[in-house]
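Counting in my numbering, the sequence shown runs from 45 upward without gaps.
Glycine included, C-beta positions come from ideal geometry on N, C-alpha and C.
Have a look at the structure below before the remarks.
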Amino acid sequence: MIDATTISVAVVGPGAIGGTVAAWLSRSPLVGRLILCARSSLERLSVETPDGGRIEATPMVLTCPDQVEGPVDWVLVATKTYDVAGAAAWLKPLMGPDSRLAVLQNGVEHVERFAPFVPADRILPVIVDVPAEREGPGMIRHRRNGTLTVPKGEAGEAFAALFREEALRPVLTDDFITAAWTKLALNCAGAVCALTGQPSGVVASPGVAELMRGMAAECVAVGRALGADLGDDLPGWVVERTRASPPDSVNSLYGDRLAGRSMEWDARNAVIARLGEPLGVPTPLNAMAATLLSAMGWSLA
Ligand SMILES: NC(=O)c1ccc[n+]([C@@H]2O[C@H](COP(=O)([O-])OP(=O)(O)OC[C@H]3O[C@@H](n4cnc5c(N)ncnc54)[C@H](OP(=O)(O)O)[C@@H]3O)[C@@H](O)[C@H]2O)c1
């Protein structure tokens, strides 16, 4: 049983999301010890908050798993999905028998990604709906209030108790699979930005809007076959939500392409084809998107 006054938290991957979450946790009276587990060193966190304020924090920063001095109550992993192997190296020293792992990443395979390293019943999947951007090491802009959605239950409630601020509101759901596939529908269609080299405004092209609708419809078909309760209106909502975003906004997949980094094509597109295939659900658009995006990464390497 964790003593609520002395909760220790390690955030693995203090980038846009990890840094934002860590900054808000640094204000929590429940968190007695906060550790950042980073790949590249940083001196402090400086996070611009949605209300125009700023959180400055100087948690302990470790850059090598050998520096960990013992297990913590919560490990929050917020690396990109393609950096799971590196993130996993932190888990052995950080996870004790009572530790829990929260996975703050995109996609629908949060538990599957980390199950080779941690018993599945210790893993809490988290759907992150928090717009945040990294402007430098530890320098982050948290643009708008956001949510962290977790499954209802003891672990979800313990996680939610860490977050008390409206800017980072925890949401408990008894239908996590539907929430995760709804987010995936939006994310899979966002591939058109990285593929065309255009920000969100590219949705103004009727052909692109139709393509996005088709990609989201494939996601709906696979999600439904796996038990998600997804409405017929979801593909249209994906297009409308993209139209409503600022035309110059850059999603994280396209942001990764612009920065010459790897891209989360596997977690956002290939997963739909991979899970659809044995179910007999056709997914040609997402399969093609994943193939083209992976080929771009390959040629950049
Ligand atoms: N940003 C958003 O608005 C947003 C919104 C919703 C969901 N998400 C999802 O949230 C997840 C995190 O995204 P992000 O935007 O926060 O990514 P990010 O800004 O690229 O941050 C990832 C961080 O992980 C670090 N990292 C990589 N390998 C590591 C290792 N072995 N040990 C320690 N740290 C390591 C990176 O270090 P370096 O500094 O060396 O690169 C970086 O600081 C992704 O799945 C993303 O799709 C993001």
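Separation of residue j from residue i, as counted between CA atoms
i	j	result
A233	R185	24 Å
R87	E262	At residue 87 the sequence reads Glu, which differs from the Arg that was named. Cα-Cα distance, rounded: 44 Å.
R188	V294	15 Å
G57	C81	6 Å
G114	P137	6 Å
F220	D110	35 Å
A162	A248	Residue identity check: residue 162 is Val in the sequence provided, not Ala. V162 and A248: Cα-Cα distance of roughly 44 Å.
L135	A146	11 Å
A48	V315	Note that A48 scores 49 on pLDDT, short of 50, meaning its location in the model is unreliable and no value can be drawn from it.
L278	G76	42 Å
L255	G299	20 Å
K227	V170	11 Å
L329	V236	11 Å
V215	V112	31 Å
L274	R268	6 Å
I51	G304	38 Å
R83	C108	8 Å
R166	S143	7 Å
A345	L337	Confidence is the limiting factor: at A345 the pLDDT is only 43, short of 50, which leaves the residue's position unreliable, though a coordinate-based value still follows. Approximately 13 Å, taken between the alpha carbons.
Residue i: first and last residue of the uninterrupted alpha helix (DSSP H) it sits in
i	result
E11	Only positions 45 to 345 of the chain appear in the structure, and residue 11 is not among them; the question remains open.
S296	S296 to L302
A60	A60 to L69
Start-to-end residues for the beta strand (DSSP E) that takes in residue i
i	result
R77	V75 to C81
L168	I167 to D173
V247	Where V247 is concerned, there is no enclosing beta strand (DSSP E), given that its DSSP letter is neither H nor E.
A314	Premise fails: A314 is in no beta strand (DSSP E) and is neither H nor E.
V55	I51 to V56
Beta strand (DSSP E) runs wholly inside the segment 179 to 219, at least 3 long, in chain order: Qualifying beta strand (DSSP E) stretches, in chain order: 183 to 186, 190 to 195 and 212 to 217.
Contact the segment 59 to 67 vs the segment 174 to 183: 3+ CB pairs below 8 Å: Touching, per the Cβ criterion.
Touching by the beta-carbon criterion (3+ pairs, under 8 Å), the segment 142 to 154 and the segment 304 to 316: Yes, they touch.
Segments assigned beta strand (DSSP E), at least 3 residues, entirely inside the segment 88 to 160: Segments of the beta strand (DSSP E) lying fully in the segment 88 to 160: 89 to 92, 98 to 101, 104 to 106, 116 to 121 and 139 to 148.
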